[in-house]
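Residues in the sequence shown are numbered consecutively from 552, following the numbering used here.
One structure below.
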Amino acid sequence: MDPRSEVLLRQAELFGGRTLLAGLPADDLLGQLPEALGWSWHAGDQNLLQARFAGRSDFAVTPPQTDFETAVLFLPKSRELTGYLLDALASHLPGKLLYLVGEKRAGVERAAKQMSIYGTPRKLDSARHCQLWQVRVDQAPAAPELASLAQRYSLQLDDGPLEVVTLPGVFSHGRLDIGSALLLNHLQQLPGGHLLDFGCGAGVLGAVLKRRYPESLVTLLDVDAFAVASSRLTLAANGLEANVINGDGIAAAPSELSAILSNPPFHQGVHTHYQASEDLLRQACRHLRKGGQIRLVANRFLKYPPLIEQHIGTCHTLADADGFRIYQATRA
Numbered sequence: 552m553d554p555r556s557e558v559l560l561r562q563a564e565l566f567g568g569r570t571l572l573a574g575l576p577a578d579d580l581l582g583q584l585p586e587a588l589g590w591s592w593h594a595g596d597q598n599l600l601q602a603r604f605a606g607r608s609d610f611a612v613t614p615p616q617t618d619f620e621t622a623v624l625f626l627p628k629s630r631e632l633t634g635y636l637l638d639a640l641a642s643h644l645p646g647k648l649l650y651l652v653g654e655k656r657a658g659v660e661r662a663a664k665q666m667s668i669y670g671t672p673r674k675l676d677s678a679r680h681c682q683l684w685q686v687r688v689d690q691a692p693a694a695p696e697l698a699s700l701a702q703r704y705s706l707q708l709d710d711g712p713l714e715v716v717t718l719p720g721v722f723s724h725g726r727l728d729i730g731s732a733l734l735l736n737h738l739q740q741l742p743g744g745h746l747l748d749f750g751c752g753a754g755v756l757g758a759v760l761k762r763r764y765p766e767s768l769v770t771l772l773d774v775d776a777f778a779v780a781s782s783r784l785t786l787a788a789n790g791l792e793a794n795v796i797n798g799d800g801i802a803a804a805p806s807e808l809s810a811i812l813s814n815p816p817f818h819q820g821v822h823t824h825y826q827a828s829e830d831l832l833r834q835a836c837r838h839l840r841k842g843g844q845i846r847l848v849a850n851r852f853l854k855y856p857p858l859i860e861q862h863i864g865t866c867h868t869l870a871d872a873d874g875f876r877i878y879q880a881t882r883a
């Protein structure tokens, strides 16, 4: 059981009714709270929740339309996303109770202060290195428009400017990260066919691929619903069309790909988490056609070349700069 869920269950009498659990972990919490509902934006968690508790968890970037008497937000990493989610939940709960649970080291005390615009937050419990906070929504906000919270910036590329649209919580919100910038300079001579942007984030890489390889089918894949929404906005802002899908890692990718391009994630919340990246390298050959390539950017300290050599083919370093490396391998 997730420590945050354990803290909630110490106060289980507060959540016996129609409770919306926003950003809930994929544990047995819904089993312990039979009247509760889930709201997830992580495809992996949603798949697990759906398998165990079919029909009891929604997957979306906005709250489910179903009625709920109270809500609990599991603190996300992003402060901007926290603000959006709290407003989205509080707008449904005038005069009712809203809860926040999270790890101390993730900044739950700071996030609890964000609830002061609705009423007076109070700490109910502290255990398992987590805290549970409560506020009565005396001043309910208007339901937030997610699109209005998007940040836009323009990249000046050799083939013209690219407009990027990022939503709260998406990796590198409002700016281009160093690793992706390096990878954008090493997209030449890709094999034609079906290209995959794995871990697409705001869709920068996928949009550039579609513009530079217009005859190729391009798919963008991410585990996060807010990333997929951002990617669709970025594509639309540049008049481009591509497939954009949510999925839990490389297993959700199409087959017979001619190339996989990625700035793979290795953080989940405040924790370092390498599973998605390592699965990508171990399973890429199942999705690449013969002669297909994988090309990715990674922090220099990450030991990816041995995995690439073991599971895909000879690993070539195309670039080494600013603490990042570009690796390339071809499936035999």
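Every residue gets a Cβ at the ideal spot worked out from N, C-alpha and C, and that includes glycine.
CA-CA distance, C836 and A883? Position 285 of the sequence shown, counting from 1, holds the residue named residue 836. Position 332 of the sequence shown, counting from 1, holds the residue named residue 883. Between C836 and A883, the C-alpha separation is close to 9 angstroms.
Identify every residue that forms a DSSP beta bridge with I877. Locating residue 877 in the sequence shown gives position 326, where the first residue counts as 1. The partner list for I877 (beta bridge, DSSP) reads V848, A870.
Note down the Cα distance separating K655 from L626, rounded to an integer number of angstroms. Within the sequence shown, the letter at position 104 stands for residue 655. Within the sequence shown, the letter at position 75 stands for residue 626. Distance between K655 and L626, taken at the CA atoms: about 10 angstroms.
Once DSSP output is grouped into helix, strand and coil, what is the label at I859? Taking the sequence shown and counting its residues from 1, the one referred to as residue 859 is at position 308. The answer is helix: DSSP assigns I859 an H, G or I state.
Use the C-beta contact count for L839: other C-beta atoms within 10 angstroms, 16 or more gives buried, fewer gives exposed. Residue 839 sits at position 288 when you count from the first residue of the sequence shown. L839 counts as buried, since no fewer than 16 other beta carbons sit within 10 angstroms of its beta carbon.
On the DSSP bridge assignment, give the partners of E654 in chain order. Within the sequence shown, numbered from 1, the residue matching residue 654 stands at position 103. Beta-bridge pairing links E654 to C681.
Burial state of N503 (16 or more Cβ within 10 Å): The shown model of the chain, from 552 to 883, leaves out residue 503, and the question about it has no answer.
Boundaries (first-last residue) of the beta strand (DSSP E) holding Q707: As a first step, residue 707 is located in the sequence shown; it is residue number 156 there, counting from the start. If you look at Q707, you'll find it in the beta strand (DSSP E) that goes 702-708.
Touching or not, the region 772-785 and the region 750-764, by the rule of three or more beta carbon pairs under 8 angstroms? Judged by Cβ distances under 8 angstroms, the region 772-785 makes contact with the region 750-764, as three or more pairs qualify.
If distances are taken between C-alpha atoms only, which option among A872, F749, L588, T785 comes closest to F619? Position 68 of the sequence shown holds residue 619. Considering only alpha carbons, the answer is L588.
Three-state secondary structure (DSSP) at R687? For the purposes of this step, residue 687 is taken as residue 136 along the sequence shown, with counting starting at 1. Taken through DSSP and simplified to helix, strand or coil, R687 comes out as strand.
By the three-class DSSP mapping on this structure, what secondary structure does L581 have? Sequence index remark: in the sequence shown, residue 581 carries index 30 (1-based). Correct three-state label for L581: helix.
What separation, rounded to the nearest whole angstrom, lies between the Cα atoms of H745 and V688? Within the sequence shown, the letter at position 194 stands for residue 745. Within the sequence shown, the letter at position 137 stands for residue 688. Computed Cα separation, rounded: 49 angstroms.
Using DSSP's beta-bridge definition, name the partner residues of F625. Looking up residue 625 in the sequence shown gives position 74. Secondary-structure assignment with DSSP links F625 through a beta bridge to V652.
Alpha carbon to alpha carbon, how far is L644 from T621? Looking up residue 644 in the sequence shown gives position 93. Looking up residue 621 in the sequence shown gives position 70. Just so you know, the alpha carbons of L644 and T621 end up roughly 7 angstroms apart.
Check whether the Cβ of K854 lies closer than 8 angstroms to any Cβ atom in chain B. In the structure shown, chain B cannot be found, because there is only a single protein chain.
Report the rounded CA-to-CA distance for S813 versus R607, giving the unit in angstroms. The count along the sequence shown starts at 1 and reaches residue 813 at position 262. The count along the sequence shown starts at 1 and reaches residue 607 at position 56. Those two C-alpha atoms are separated by around 33 angstroms.
Delimiting residues of the alpha helix (DSSP H) encompassing A662: The residue given as residue 662 occupies position 111 in the sequence shown. Counting along the chain, the alpha helix (DSSP H) containing A662 begins and ends at 659-664.
If you run the structure through DSSP and keep just helix, strand and coil, what is F566? Within the sequence shown, the letter at position 15 stands for residue 566. The three-state secondary structure of F566, taken from DSSP, is helix.
Buried or exposed (CB count within 10 angstroms, at least 16 for buried), F875: Here the question's residue 875 lines up with position 324 in the sequence shown. A buried status is given to F875, since no fewer than 16 other beta-carbon atoms sit within 10 Å of its beta-carbon.
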